[in-house]
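Chains as they are written, first to last, in the UniProt record's numbering: chain A, 1 to 247; chain B, 1 to 254.
We put the beta carbon where it would ideally sit given N, CA and C, even for glycine.
This structure is a prediction, so every number in the text was calculated from the model and none was measured.
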Amino acid sequence: METQSQSFVVLPGDAIDPSIIPTTKTKPLRLGPGLRHIPPSEIVPTVSGKLIVDPRKNSMWVEYNSHRYIPSQNDLIIGQIARNAADFYYVNISPYNSNATLPHLSFESATKKTRPQLAPGQLIYARVTLANKHMDAELECVSSTTGKAEGLGPITGGMVFDISLGFARRLLMAKSKDEGGLQVLELLGEEGLAFETAVGRNGKVWVGSDSPKIVIIVGRALKETDEGDLGVDAQKKLVKRLMRDMR
Amino acid sequence: MTANTAPEAALGVLPKADGSAKYSHAGYTITASVNGPLEAQRKDEHPNEAHVDVIVRPAAGVGATRERHLESVLQSSLSQIILVKNFPRGLIQIVLQIEETPENDYVNTKLVQASVNFPIMPALFQTCILALLSAAVPMRATATASVVAIVLEGEKKKTVVDPTPKQLQTAQSVHVLAFTSHDELLLAESEGDFTVQEWDEIYETAKGICCRPQTRKSGAEMVLDEADVAGQADMRQFIRSTMEGKVAADLHWK
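This is how it looks when you write it as structure tokens:
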């Protein structure tokens, strides 16, 4: 079976050459998404993608793109309130999946008496605090360490666009231009558009602006960049075209 | 259409599905969509593992007993390679739409309800695997399948891979075998009269197609290798190269 070709493209069940697995005495090896550890010492990919090995962080994972979100802890997601229960809200994070729960007290300075009243349909930006295959995911809109919202909470105005999970991951990268090859948002900003975005790891991006026209342009630029697998040069062309059409 | 055309596949053909694939080989064209893991209906819910739901739709008309049989065979073998334990109470839904078959599907197909349709199995199976890979559903391994028939030629018996519809009508027995990428037998379905020796021969033939070693041979060796299984595509290599194309397109920014 193929172990290590020039590119590390892996398929489920491929054997990974032990020589490429990073080994240090000080840090434990961290396995990211797409890998499965079969005790005692086998590491097997479960999805097809590119195997990335980071010897500095002593971690490895499979980089791939998909459409169905599987919650995992500390992910930032955009959800929609489905209904209210006694102590928590039910939040829809991806279609045809069971709802996540958002406790009423997981908001900034919320008490039993003062808590945000959210109607069904309300969008929220939240962090996943509990992701377990046997239980529904649990969310929070407040940082449990600082007690501050830190940008999380209900989102008003604007519009949500669906994107692929790989694209959402690229948008959330700290250096999305250098690491993710994404410049489209910066380019739109340079053109003088005023807008704000919130990216959910569950394949949603929210765009807000005073003018609906700008919301549509930014959303369309993001969707076209995602669906057309556009590189940096193509993103520049796309932004130019959209700006010309707007005028 | 000849039986031994090279396989072709396209991934992600359906934009709204989580994963999809269109596959054509040996006169069959099939489109599959995969959605999942989803929330299972109460009746399908299993506390410890995901339910794999396979739906086969014929090229014309509505599915009947034959399609239900194909579904049950596919369902049980796919449950073995999908990591169903990762998604308790979940559902992985696979819909297969048959688009083209070598026979004329508009006549004679539903005459004999009990008759099974083995030659379409490898195509259905391969399409499922490609669509599951496209949807990034976690799997233990990939798998490949092939159909082999024993055909009587005069007095001599001959094993034929990917038999034509005509050969099938006169075949003594027809077998479908699937192997995982770890060379394990995943599925073995047979129909007709055959001996144990014949089955062993079939097993070796099918294994030769499904489990060809991945080593890239050079020069004369490769020519020899191509010659002894003339016209047979290396399914495992085909799946790998298709996926390599998809991964390269998805991760063009990396």
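C-beta neighbour in chain A for residue i, strict 7 angstroms
{"i": "Glu244 of chain B", "result": "yes"}
{"i": "Ser218 of chain B", "result": "Only weak support is given to the placement of Ser218 of chain B: the predicted model assigns it a pLDDT of 42, under 50, and the value that follows is read from those uncertain coordinates. Output row for Ser218 of chain B: interface = no."}
{"i": "Trp253 of chain B", "result": "yes"}
{"i": "Ser181 of chain B", "result": "yes"}
{"i": "Val247 of chain B", "result": "yes"}
{"i": "Ala141 of chain B", "result": "yes"}
{"i": "Pro88 of chain B", "result": "yes"}
{"i": "Leu130 of chain B", "result": "no"}
{"i": "Met222 of chain B", "result": "Reliability of the predicted coordinates at Met222 of chain B is poor, the pLDDT of 43 falling under 50, and the value obtained from them is presented with this limitation in mind. Not one chain A Cβ lies under 7 angstroms of Met222 of chain B."}
{"i": "Glu198 of chain B", "result": "no"}
{"i": "Glu39 of chain B", "result": "yes"}
{"i": "Leu133 of chain B", "result": "yes"}
{"i": "Pro165 of chain B", "result": "no"}
{"i": "Ala136 of chain B", "result": "yes"}
{"i": "Asp18 of chain B", "result": "yes"}
{"i": "Asp162 of chain B", "result": "no"}
{"i": "Asp250 of chain B", "result": "yes"}
Outcome for residue i when other beta-carbon atoms lying within 10 angstroms are tallied against a minimum of 16
{"i": "Ala249 of chain B", "result": "exposed"}
{"i": "Gln197 of chain B", "result": "exposed"}
{"i": "Ile38 of chain A", "result": "exposed"}
{"i": "Leu152 of chain B", "result": "exposed"}
{"i": "Leu105 of chain A", "result": "exposed"}
{"i": "Pro37 of chain B", "result": "buried"}
{"i": "Glu138 of chain A", "result": "buried"}
{"i": "Asn117 of chain B", "result": "buried"}
{"i": "Lys204 of chain A", "result": "buried"}
{"i": "Ser170 of chain B", "result": "A quick correction: the sequence has Thr, not Ser, at residue 170 of chain B. Looking at its Cβ environment, which holds fewer than 16 other Cβ atoms inside 10 Å, Thr170 of chain B is exposed."}
{"i": "Gln117 of chain A", "result": "exposed"}
{"i": "Pro119 of chain B", "result": "buried"}
{"i": "Ile81 of chain A", "result": "buried"}
{"i": "Gly61 of chain B", "result": "exposed"}
{"i": "Asn48 of chain B", "result": "exposed"}
{"i": "Arg66 of chain B", "result": "buried"}
{"i": "Ala64 of chain B", "result": "exposed"}
{"i": "Thr111 of chain A", "result": "exposed"}
Residue from the options with nearest C-alpha to residue i
{"i": "Leu74 of chain B", "options": "B:Gly61, B:Val56 and B:Leu91", "result": "B:Val56"}
{"i": "Pro18 of chain A", "options": "A:Val44, A:Gly34 and A:Ser143", "result": "A:Val44"}
{"i": "Leu182 of chain A", "options": "A:Thr156, A:Lys204, A:Asp233 and A:Leu152", "result": "A:Asp233"}
{"i": "Asp210 of chain A", "options": "A:Lys223, A:Arg169, A:Gly157 and A:Ser143", "result": "A:Gly157"}
{"i": "Leu124 of chain A", "options": "A:His67, A:Thr24, A:Val199 and A:Ser109", "result": "For the record, residue 124 of chain A in the displayed sequence is Ile; it is not Leu. The option with the nearest alpha carbon to Ile124 of chain A is A:Val199."}
{"i": "Val160 of chain B", "options": "B:Ala59, B:Thr205 and B:Glu191", "result": "B:Thr205"}
{"i": "Ser241 of chain B", "options": "A:Glu42, A:Ser48 and A:Glu140", "result": "A:Ser48"}
{"i": "Asn65 of chain A", "options": "A:Arg83, A:Leu185, A:Tyr89 and A:Pro33", "result": "A:Pro33"}
{"i": "Ile129 of chain B", "options": "B:Pro213, B:Gly27, B:Val95 and B:Trp253", "result": "B:Val95"}
{"i": "Pro212 of chain A", "options": "A:Glu227, A:Ser143, A:Leu188 and A:Phe195", "result": "A:Phe195"}
{"i": "Ala141 of chain B", "options": "A:Phe8, A:Val9 and A:Ala15", "result": "A:Ala15"}
{"i": "Glu186 of chain A", "options": "A:Val10, A:Lys240 and A:Asn58", "result": "A:Lys240"}
{"i": "Arg56 of chain A", "options": "A:Thr23, A:Glu191, A:Ser144 and A:Arg68", "result": "A:Thr23"}
{"i": "Phe125 of chain B", "options": "B:Tyr28, B:Glu155, B:His46 and B:Gly12", "result": "B:Tyr28"}
{"i": "Val62 of chain A", "options": "A:Ile21, A:Glu108, A:Gln235 and A:Val215", "result": "A:Ile21"}
{"i": "Asn74 of chain A", "options": "A:Glu42, A:Val128 and A:His67", "result": "A:Val128"}
{"i": "Gln41 of chain B", "options": "B:Lys156, B:Gly19, B:Leu83 and B:Ile92", "result": "B:Ile92"}
{"i": "Thr197 of chain A", "options": "A:Ile77, A:Pro40 and A:Leu29", "result": "A:Ile77"}
Beta carbon of residue i nearer than 7 angstroms to that of residue j
{"i": "Leu187 of chain B", "j": "Ser79 of chain B", "result": "no"}
{"i": "Arg36 of chain A", "j": "Thr46 of chain A", "result": "yes"}
{"i": "Ser72 of chain A", "j": "Asn202 of chain A", "result": "no"}
{"i": "Met235 of chain B", "j": "Leu133 of chain B", "result": "no"}
{"i": "Thr5 of chain B", "j": "Gln97 of chain B", "result": "no"}
{"i": "Val34 of chain B", "j": "Ala178 of chain B", "result": "no"}
{"i": "Pro138 of chain B", "j": "Asn86 of chain B", "result": "yes"}
{"i": "Val148 of chain B", "j": "His182 of chain B", "result": "no"}
{"i": "Ala135 of chain B", "j": "Gly90 of chain B", "result": "no"}
{"i": "Ser173 of chain B", "j": "Ile150 of chain B", "result": "yes"}
{"i": "Ala100 of chain A", "j": "Val91 of chain A", "result": "yes"}
{"i": "Ala143 of chain B", "j": "Thr180 of chain B", "result": "yes"}
CB contact below 7 angstroms: residue i versus chain B
{"i": "Tyr89 of chain A", "result": "no"}
{"i": "Asn132 of chain A", "result": "no"}
{"i": "Leu11 of chain A", "result": "yes"}
{"i": "Gly180 of chain A", "result": "yes"}
{"i": "Asp136 of chain A", "result": "no"}
{"i": "Ser98 of chain A", "result": "yes"}
{"i": "Asp229 of chain A", "result": "yes"}
{"i": "Ala234 of chain A", "result": "no"}
Item to check | Members of the stretch 43-54 of chain A near chain B, C-beta cut-off 7 angstroms | outcome: Thr46, Val47, Ser48, Gly49 and Lys50
Checklist entry - Name the residues in the stretch 58-82 of chain A whose C-beta lies less than 8 angstroms from a C-beta of chain B; which are they? => result Glu63, Tyr64, Asn65, Ser66, His67, Arg68 and Ile70
Checklist entry - Closer than 9 angstroms, Cβ to any Cβ of chain B: which residues of the UniProt domain "K Homology" (158-212) of chain A, in chain order? => result Ser164, Leu165, Gly166, Arg170, Glu179, Gly180, Gly181 and Leu182
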